[in-house]
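First the structure, in the form of structure tokens, and then the observations on it.
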Amino acid sequence: MALSRCLPWLLLGLASVAAYEVPVHDTDYSRQVCTGMWGGQKAHINVSFDGTSQGQLAMVIYEWGDMEFLGKVTSMTDDSLPKTYVCTSDAMRNNFCNSSQLGRFILDLPDGKSINDTSFWSARVGFGGSGNSSTPSEVSTSGFWDNPEGNPDVPEDENTVYTSPWLARAYDRRDDLNPSPTGILWYQEPIQYQVRKTGYYCVAMVPVTVLSSSDDTTDVPYHPTYNGLVFFQNTFSGKLPATDYPKVNFYLAMFLIYTILAAAWGWLCYTHIQDLLPIQYYLSGLVGFLVVEMLANFAYYRYLNAHGRGAASTVFLFVVAILDAGRNALSFFMLLVVSQGLSVVRESLGRTMLKCQLLAGAHFVFGVLYAVGIVELELESTSALVLLLFVIPLAFTLSGFLVWILYSLNHTIAQLKARKQRYKLSMFTKLYYILMATVLVIMIFFVVSSFTFSERLAEDYAAKTWKVQWWLLDGWLALLYLAVFASICYLWAPSANNRR
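Residue numbers for the sequence shown, in mature numbering (1 follows the signal peptide of the UniProt record, and there is no 0): -19 to -1, 1 to 481.
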């Protein structure tokens, strides 16, 4: 099966691999798994297979920076043809490789560069000894690394059979970190690849169909089967991929910052408890809520790191999603009542307060539905109408909040100007500048993010962005919210002049 047309889509799928332990099967459509890794003395990749695996496969482990050396260009005139990645009989006839490379990935290294100068570990891996080739089976699988002619057929000969029980250790020992075995590596224990440098590492494997030898009773080629697990061990302990692990420390830091903010706010409230305004009670509740939310986020990623994904983590994710929806609803509600001058321009909002509460309640409900929908629905198979049912209600309440907040804030500022209340006017003017600055920052970052995500179909997108994906999706918004919230708390901090 030709792969050049589906290359971007397959690599996009690889970029979304989030499991620290990735299962692999001979029936997988994609023939490689990739993830970012932080290099160190303890970092390594383990590849293991169960006892039911049979046949042989070509396998390579490498860092993405060496991707250009993997495979040979099939045609210099026809760009639609993909590279030839695995050494087969046809590849030998076309002078892409020699007999010593049969059943292995082709490495097209430039003159003066050896495999020891790259990150490649390459081998032809066999299961259950060398007597599996006579079992008839239909060759039907295809995938990313298949050659243009289809699944590779590799004849057995004296150049490719080597019976050492563990070639990665028993063959001619070299000084390189991950030496590639010669001949066939008969699998007996997990294959380990040491990771000393930080990078984006990939494990690719393709079943090779071994043609029957001359003394077999059938000429039907045997299609290998395998079930395995790729285990990425980073410098940290746990089951999170390196892409998500920074969130553990990030949310711990955010929890500590909000705890300090809550303590300072609580002290000010205690000191001026007789002069507290209604809006300061709302802010107090939101400060406490934020401490709980950051703690829940930290606990969620700690749990994922310790136990991996499962039913319990899904329930935990729903709880975090509900807290996030609650935070958003409370934040917009607080901004709305502040912009209407509660406790500063007027003591009570009357029936308007009920309308604000109803809008906040609706925004919370739609936010929870949206969060649950994002988790439960498969975006690729769900109809656009169903997706819109989750998105449109939340968009309406969000738009309602934004329009109402800006209208109320401008109206309050106009009232204060007319009354010539300069101190209160300065508070609301500063709030207006804070909100406008926030909108400007969001717009700038949106443009930058759009340029970044526009390259998501590029081959090397995941390799370039795995270190900062968490920042683009979560980090900067959390810090922006912290900056805005802290600024508002500073403006409305309890003081002896609360009711001036």
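All residues carry an ideal CB built from backbone N, CA and C; glycine is no exception.
Bounds of the beta strand (DSSP E) holding Pro4 are 2 to 6.
The closest CA to that of Ile165, considering only Ala243, Thr99, Pro227, Ser81, is found on Ser81.
When DSSP reads this structure, Met186 sits in a beta bridge with Met40. Less than 8 Å separates the beta-carbon of Pro205 from that of Asp7. Asn278 sits in a helix when the DSSP states are folded into three classes.
Non-local C-beta neighbours of Met408 in its own chain, meaning closer than 6 Å and more than five positions away in sequence, comprise Leu472, ordered along the chain.
Under the DSSP assignment, Ala104 falls in the beta strand (DSSP E) whose first and last residues are 102 to 108. One Cα belongs to Asn76, the other to Ala376, and the distance between them is close to 60 Å. Counting only the Cα atoms, Gly52 lies some 22 Å from Ile26.
If you look at Cys78, you'll find it isn't in any alpha helix (DSSP H); DSSP assigns it neither H nor E. For Leu210, the enclosing beta strand (DSSP E) begins and ends at 208 to 214. For the pair of segments examined, the stretch 212 to 224 was found not to touch the stretch 260 to 278: the number of CB pairs separated by less than 8 Å stays below three. In the DSSP assignment, Val28 falls outside any alpha helix (DSSP H) and lies within the beta strand (DSSP E) extending over 25 to 30. Looking at the DSSP output, Lys53 sits in a beta bridge with Thr65. In terms of CA proximity to Gln35, Val106 leads the group Phe279, Arg12, Pro4, Val106. Val449 and Gly456 have their alpha carbons spaced roughly 9 Å apart.
A distance of 8 Å or more separates the beta carbons of Tyr181 and Ser100. Every unbroken stretch of the alpha helix (DSSP H) spanning 4 or more residues and falling wholly within the stretch 307 to 378 is given here in chain order: 332 to 357. Note that the C-beta distance between Thr69 and Thr55 is not below 8 Å.
Between the alpha carbons of Gly348 and Gln22 lies a gap of roughly 44 Å.
Bounds of the beta strand (DSSP E) holding Thr16 are 13 to 18.
Spatial neighbours of Gly342 in its own chain (CB-CB distance under 6 Å, excluding positions within 5 residues in sequence) are not present.
In this structure, Phe86 keeps its C-beta atom at 8 Å or more from the C-beta atom of Tyr207.
Of the candidates Asn286, Val353, Pro227, the residue whose Cα lies closest to the Cα of Leu453 is Pro227. In the three-state DSSP reduction, Ile87 falls in the coil class, being neither helix nor strand. The beta-bridge partner set that DSSP reports for Trp452 is empty.
Secondary structure of Trp45 (DSSP, three-state): helix.
Ser103 is a Cβ neighbour of Val41, given a cutoff of 8 Å. In the structure shown, Tyr10 adopts coil according to DSSP, grouped into three states. At the C-beta level, Ala39 and Val211 stay beyond 8 Å of one another. With respect to Phe213, Tyr168 sits apart: the two C-beta atoms are not nearer than 8 Å. In this model, Leu330 and Leu258 are separated by some 14 Å (Cα to Cα). Rounded to whole angstroms, the separation of the alpha carbons of Ser476 and Ile254 is 9 Å. Between the beta-carbon of Gly322 and that of Thr378 there is about 22 Å, and that puts the pair past the 8 Å contact cut. Here Ala277 is actually not in contact with Val296; their C-beta atoms are around 12 Å apart, not less than 8 Å.
Proximity to Thr33 across Glu170, Gly209, Val176, Lys94 peaks at Gly209, based on C-alpha coordinates.
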